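Input: a single structure, listed below in structure tokens.
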Amino acid sequence: MGDEMLLAKLNGKIVTANQSLNRKYKYYCLVCGELVVFKCGHVMMPYFAHRKGSDCVGSEGETSEHLLGKKQIFNWAEKMGYQPQYEVYFKKIKQRPDILVEVDGYKVAIEFQCSPLSHARLYERNQGYRKLGIKFIWALGAPYRRKMRDEKVAQFTQVINQQLCIVFWNTQTASFEFNRSFNSIELINNQQPYKITLSQTETISKKIITRAPDIKRIAELCYMQQHDLRLIPIVAHYQKDDWPLMSVKRTFFQTELLLKLEQFELKTLWTKTDWLLLLGSIAKGNWLSFECVRQIKRYQQRYLIEFTNELIAAAIIRTQDELIYLNQYPVWFQSEFEKNEQIKNVP
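The working numbering puts the sequence shown at residues 2 to 348.
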């Protein structure tokens, strides 16, 4: 949301910003009651704005795209029969969504976000809506279409039709766009190679040579246990085309777990619960923050179980009744040549 309001009070009545209004009249904010300024020019659409220095909940900056998108979303919702309302103020949580609609008996807040928003503020806003039992959708504007880092993707990830996606509102077409193309294979070039592990190994080698910051910690952990990060076992490579879940490459997380297993004696037993707790303790602090997805732990747990199954397939761990035990230590390669040859020979 932004500071550009479409509604204000004039002589005790609510009016919508439009070109027929007189700038000389006195308009007041519906939320705080402060005097607001009516703005209407040749470029910007008509709107009301707080005076500089206002601490009202609605005083946060303005963009022409945000104003246009808000009107477009309202018109779209009206055509859909969702009974849209502009800028409804919820006093209990001190928030006013851009548009409030009603879908299948549920209130839904639609926020059109064009300006930067911190993780903390987004979490606070979402928690406010949750307290009131209001569902929400965050639709992103054009500034977010530039390359989004994993942290920003996670921040605005939502679940639509049981799939993770980023929601955009396109003011050029006046329509929603549900982008599910943020899946990627880590540590490779944009073009998918014939051998993923080969490309990942080459990338790791380059990162070591250039002393890339994201590789320093895991390279040091390998060195402390007399290993070379370039020579990690195949099972350590995360090769799936997947939505970002971690702030570190999952290949590095999986490598750290293999290093951890070397610190246990063979035949060490875990219950399945304790095993997942072990994985969770290593993953802790590496999970990306998903402010809009309440069930994100389900996705995290699914990934840990998938990696567990890969370790079972590699015979590093085995299951016995309801227990998991360490069957053998991971076998690291002795040289890059040996590793590359094995990768090339895999069908």
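Heads up, the beta-carbon is just placed ideally off N, CA and C, and yes, glycines get one too. If you're wondering where the values come from, they're calculated on a predicted model, not measured in any experiment.
Endpoints, the alpha helix (DSSP H) within which residue i is located
{"i": "Ser-65", "result": "65-81"}
{"i": "Ser-200", "result": "197-211"}
{"i": "Asn-310", "result": "297-314"}
{"i": "Tyr-224", "result": "217-225"}
{"i": "Val-154", "result": "151-157"}
{"i": "Asn-180", "result": "From DSSP, Asn-180 is part of no alpha helix (DSSP H) but of the beta strand (DSSP E) over 176-180."}
{"i": "Gln-343", "result": "337-346"}
Under 8 Å between C-beta atoms of residue i and residue j
{"i": "Ser-55", "j": "Glu-35", "result": "yes"}
{"i": "Phe-253", "j": "Ala-155", "result": "no"}
{"i": "Gly-82", "j": "Gly-142", "result": "no"}
{"i": "Arg-52", "j": "Val-38", "result": "yes"}
{"i": "Pro-234", "j": "Leu-260", "result": "no"}
{"i": "Thr-198", "j": "Gln-226", "result": "no"}
{"i": "Leu-267", "j": "Gln-321", "result": "no"}
{"i": "Ile-318", "j": "Leu-327", "result": "yes"}
{"i": "Lys-340", "j": "Lys-196", "result": "no"}
{"i": "Leu-312", "j": "Val-236", "result": "yes"}
{"i": "Tyr-28", "j": "Phe-49", "result": "yes"}
{"i": "Leu-262", "j": "Trp-333", "result": "no"}
{"i": "Lys-66", "j": "Thr-172", "result": "The sequence shown places Glu at residue 66, rather than the Lys named in the question. Yes. Within cutoff."}
Rounded C-alpha distance that separates residue i from residue j
{"i": "Phe-177", "j": "Gln-201", "result": "36 Å"}
{"i": "Ile-210", "j": "Asp-229", "result": "13 Å"}
{"i": "Gly-106", "j": "Thr-272", "result": "45 Å"}
{"i": "Cys-115", "j": "Val-160", "result": "20 Å"}
{"i": "Lys-96", "j": "Arg-126", "result": "Residue identity differs from the one stated: residue 96 is Gln in this sequence, not Lys. C-alpha separation (whole angstroms): 7 Å."}
{"i": "Leu-324", "j": "Gln-255", "result": "21 Å"}
{"i": "Gln-302", "j": "Val-294", "result": "14 Å"}
{"i": "Ala-9", "j": "Leu-278", "result": "54 Å"}
{"i": "Leu-7", "j": "Leu-123", "result": "22 Å"}
{"i": "Gln-86", "j": "Ala-314", "result": "55 Å"}
{"i": "Pro-144", "j": "Trp-170", "result": "11 Å"}
{"i": "Gln-264", "j": "Ala-213", "result": "27 Å"}
{"i": "Ile-216", "j": "Asn-76", "result": "49 Å"}
{"i": "Gln-73", "j": "Ala-175", "result": "6 Å"}
{"i": "Gln-128", "j": "Tyr-300", "result": "21 Å"}
{"i": "Pro-331", "j": "Lys-298", "result": "28 Å"}
{"i": "Gln-296", "j": "Gln-20", "result": "45 Å"}
{"i": "Ala-18", "j": "Asn-12", "result": "15 Å"}
{"i": "Phe-338", "j": "Asn-190", "result": "21 Å"}
{"i": "Ser-185", "j": "Ile-94", "result": "38 Å"}
{"i": "Leu-289", "j": "Val-89", "result": "32 Å"}
{"i": "Tyr-238", "j": "Val-347", "result": "A small correction: the amino acid at residue 238 is His; Tyr does not occupy that position in the sequence shown. Their backbone Cα atoms lie some 15 Å apart in a straight line."}
{"i": "Gly-286", "j": "Pro-245", "result": "15 Å"}
{"i": "Cys-41", "j": "Lys-250", "result": "49 Å"}
{"i": "Glu-112", "j": "Pro-98", "result": "6 Å"}
{"i": "Asn-23", "j": "Pro-47", "result": "11 Å"}
{"i": "Leu-270", "j": "Ala-316", "result": "15 Å"}
{"i": "His-120", "j": "Ser-248", "result": "14 Å"}
{"i": "Thr-274", "j": "Thr-309", "result": "12 Å"}
{"i": "Trp-276", "j": "Gln-343", "result": "30 Å"}
{"i": "Asp-243", "j": "Phe-157", "result": "16 Å"}
{"i": "Lys-92", "j": "Thr-64", "result": "25 Å"}
{"i": "Asn-162", "j": "Leu-188", "result": "29 Å"}
{"i": "Ala-110", "j": "Trp-139", "result": "8 Å"}
{"i": "Leu-68", "j": "Lys-14", "result": "22 Å"}
{"i": "Gln-84", "j": "Lys-153", "result": "31 Å"}
Endpoints, the beta strand (DSSP E) within which residue i is located
{"i": "Tyr-130", "result": "Taken as a continuous stretch (DSSP letters only), Tyr-130 belongs to no beta strand (DSSP E), being part of the alpha helix (DSSP H) at 120-132."}
{"i": "Ile-94", "result": "No beta strand (DSSP E) contains Ile-94, which DSSP labels as neither H nor E."}
{"i": "Asn-171", "result": "164-171"}
{"i": "Glu-112", "result": "107-114"}
{"i": "Gln-20", "result": "Run containing Gln-20: none; DSSP gives neither H nor E here."}
{"i": "Gln-321", "result": "318-321"}
{"i": "Val-37", "result": "36-40"}
{"i": "Ile-138", "result": "136-141"}
{"i": "Phe-291", "result": "Where Phe-291 is concerned, there is no enclosing beta strand (DSSP E), given that its DSSP letter is neither H nor E."}
{"i": "Phe-49", "result": "48-51"}
{"i": "Ile-186", "result": "No beta strand (DSSP E) holds Ile-186; DSSP gives it neither H nor E."}
{"i": "Lys-10", "result": "8-11"}
{"i": "Leu-324", "result": "324-327"}
Would you say the segment 129-149 touches the segment 220-237, given that touching needs at least three Cβ pairs under 8 Å?
no
Evaluate contact between the segment 205-212 and the segment 101-114, counting only Cβ atoms and requiring at least three cross-stretch pairs below 8 Å.
no
Evaluate the contact criterion for the segment 158-166 versus the segment 174-189: three or more CB pairs, one atom per stretch, below 8 Å.
As far as the Cβ criterion goes, the segment 158-166 touches the segment 174-189, which means the pair count is three or higher.
Does the pairing of the segment 140-150 with the segment 277-292 give three or more beta-carbon distances under 8 Å?
no
Ignoring anything shorter than 4 residues, give me the alpha helix (DSSP H) runs that lie fully in the segment 218-277, in order along the chain.
251-262
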